[in-house]
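Read through the structure below, which is laid out as structure tokens, and then see the notes.
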Amino acid sequence: QKEVEQNSGPLSVPEGAIASLNCTYSDRGSQSFFWYRQYSGKSPELIMSIYSNGDKEDGRFTAQLNKASQYVSLLIRDSQPSDSATYLCAVIGGSYIPTFGRGTSLIVHP
Amino acid sequence: EPEVTQTPSHQVTQMGQEVILRCVPISNHLYFYWYRQILGQKVEFLVSFYNNEISEKSEIFDDQFSVERPDGSNFTLKIRSTKLEDSAMYFCAGSRTRLAVEETQYFGPGTRLLVL
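If you're matching them up, the sequences are chains A and B in order. According to my numbering, the stretch in the first sequence is residues 1 to 110, in order. According to my numbering, the stretch in the second sequence is residues 1001 to 1116, in order.
Now the structure itself:
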């Protein structure tokens, strides 16, 4: 059974701070890693994808992947109240089917 | 920018009734997926579809479920005899190629299904 684990939160950070979201996965053969943002009642929206070890930056977002530790994270710099949402980690292995974590609720307070 | 669309946005049905959820994928997408998300829980894969065939399905996707692409544009999920536990948000998604490295999928807005 492939598992993707996330702390459900909520993670509360002040506006302007860095939010750090973490995800671990069980399948060592996993190849693709995604972070989605999901507002309540809405569909997942892709934020970042990462495929190789290290950091990948896109604007205020940085994804970090460590395959040896089976760990992927998302950093959000200069957090804004509009970033308040649930962040889903998804992992794809050899089956090409994503396994999602339950998501971490982020609250950015003014 | 092209988007995945889903209809209806909300559906209320009685237990035991059949429902059909519809999706119009982005036109250059070839792989299609259905997911469900029970309220407060994680997104769960149901089925993937390519070249008019199911390519993968999960344990959730039992004989009560079926998918088809009846006219080359719509992609449907049918639940033959709904149960209370089928109440969930159902998302359609698509991708140009298989979900290998460097490929992403795009989600529709979802259909919220409530079974009474």
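Ideal Cβ placement from N, Cα and C applies to all residues, glycine included.
Relative to the C-alpha of residue i, which residue among the options is closest?
{"i": "Y36 of chain A", "options": "A:N66, A:H109, A:L75 and A:G29", "result": "A:L75"}
{"i": "C23 of chain A", "options": "A:A63, A:R77, A:S79 and A:D58", "result": "A:A63"}
{"i": "I107 of chain A", "options": "A:Y39, A:G29, A:A90 and A:L65", "result": "A:Y39"}
{"i": "N53 of chain A", "options": "A:E5, A:I47 and A:S32", "result": "A:S32"}
{"i": "G160 of chain A", "options": "A:N66, A:A17, A:L88 and A:S84", "result": "Outside the modelled stretch of chain A, which goes from 1 to 110, sits residue 160 of chain A, for which no answer is possible."}
{"i": "S1027 of chain B", "options": "B:S1009, B:I1054 and B:S1073", "result": "B:S1073"}
{"i": "L1039 of chain B", "options": "B:L1099, B:V1024 and B:M1089", "result": "B:M1089"}
{"i": "S1066 of chain B", "options": "B:C1092, B:I1020 and B:L1099", "result": "B:I1020"}
By the three-class DSSP mapping on this structure, what secondary structure does residue i have?
{"i": "C1073 of chain B", "result": "Per the sequence presented here, residue 1073 of chain B reads as Ser, with Cys not at that position. DSSP places S1073 of chain B in coil when its eight states are reduced to three."}
{"i": "L32 of chain A", "result": "Here the sequence assigns Ser to residue 32 of chain A, which means Leu is not the residue at that position. In this structure, S32 of chain A counts as strand in the three-state DSSP scheme."}
{"i": "P10 of chain A", "result": "coil"}
{"i": "E1085 of chain B", "result": "helix"}
{"i": "S105 of chain A", "result": "strand"}
{"i": "S82 of chain A", "result": "helix"}
{"i": "A1100 of chain B", "result": "coil"}
{"i": "E45 of chain A", "result": "strand"}
{"i": "A19 of chain A", "result": "strand"}
{"i": "A63 of chain A", "result": "strand"}
{"i": "V91 of chain A", "result": "strand"}
{"i": "Q1041 of chain B", "result": "coil"}
{"i": "I1060 of chain B", "result": "coil"}
{"i": "H1029 of chain B", "result": "coil"}
Are the C-beta of residue i and some C-beta of chain B separated by less than 9 Å?
{"i": "T24 of chain A", "result": "no"}
{"i": "F34 of chain A", "result": "yes"}
{"i": "R102 of chain A", "result": "yes"}
{"i": "G41 of chain A", "result": "yes"}
{"i": "P10 of chain A", "result": "no"}
{"i": "A90 of chain A", "result": "yes"}
{"i": "Q64 of chain A", "result": "no"}
{"i": "S95 of chain A", "result": "yes"}
{"i": "Q70 of chain A", "result": "no"}
{"i": "L46 of chain A", "result": "yes"}
{"i": "Y87 of chain A", "result": "no"}
Can you round the beta-carbon distance between residue i and residue j to whole angstroms, since I take them to be within the 8 Å contact cut?
{"i": "T104 of chain A", "j": "N7 of chain A", "result": "6 Å"}
{"i": "S1087 of chain B", "j": "L1114 of chain B", "result": "5 Å"}
{"i": "T1076 of chain B", "j": "R1022 of chain B", "result": "5 Å"}
{"i": "R1080 of chain B", "j": "N1052 of chain B", "result": "Not really, about 20 Å apart at Cβ, beyond 8 Å."}
{"i": "V1004 of chain B", "j": "L1116 of chain B", "result": "Between L1116 of chain B and V1004 of chain B the Cβ distance is about 28 Å, and since that is not below 8 Å, they are no contact."}
{"i": "P13 of chain A", "j": "S73 of chain A", "result": "In the sequence as displayed, the identity of residue 13 of chain A is Val instead of Pro. Contact flag wrong, Cβ pair sits at about 15 Å."}
{"i": "D27 of chain A", "j": "K2 of chain A", "result": "5 Å"}
{"i": "G1110 of chain B", "j": "Q1014 of chain B", "result": "Actually they are not in contact, since the Cβ atoms of G1110 of chain B and Q1014 of chain B sit about 21 Å apart, beyond 8 Å."}
{"i": "A90 of chain A", "j": "F34 of chain A", "result": "4 Å"}
{"i": "E1018 of chain B", "j": "K1078 of chain B", "result": "7 Å"}
{"i": "T1104 of chain B", "j": "L46 of chain A", "result": "6 Å"}
{"i": "L11 of chain A", "j": "A19 of chain A", "result": "6 Å"}
{"i": "S43 of chain A", "j": "G1108 of chain B", "result": "6 Å"}
Using a Cβ-Cβ distance under 9 Å, would residue i count as near chain A?
{"i": "Q1011 of chain B", "result": "no"}
{"i": "F1107 of chain B", "result": "yes"}
{"i": "A1088 of chain B", "result": "no"}
{"i": "E1068 of chain B", "result": "no"}
{"i": "R1036 of chain B", "result": "no"}
{"i": "V1115 of chain B", "result": "no"}
{"i": "T1104 of chain B", "result": "yes"}
Name the chain C residues that come within less than 8 Å of residue i, Cβ to Cβ?
{"i": "R1096 of chain B", "result": "Checking the listed chains, one finds no chain C in this structure; the protein chains it contains are A and B."}
Is residue i a contact residue of the ligand ZN, with contact defined as CB to any heavy atom under 8 Å?
{"i": "N66 of chain A", "result": "Because no ligand of any kind appears in the structure shown, any question about the ligand ZN cannot be addressed here."}
task: Inspect the CB distances between the region 87-102 of chain A and the region 1034-1047 of chain B and report whether three or more fall short of 8 Å.
output: yes
message: With three or more beta-carbon pairs closer than 8 Å as the criterion, would you say the region 1055-1073 of chain B touches the region 1024-1037 of chain B?
response: yes
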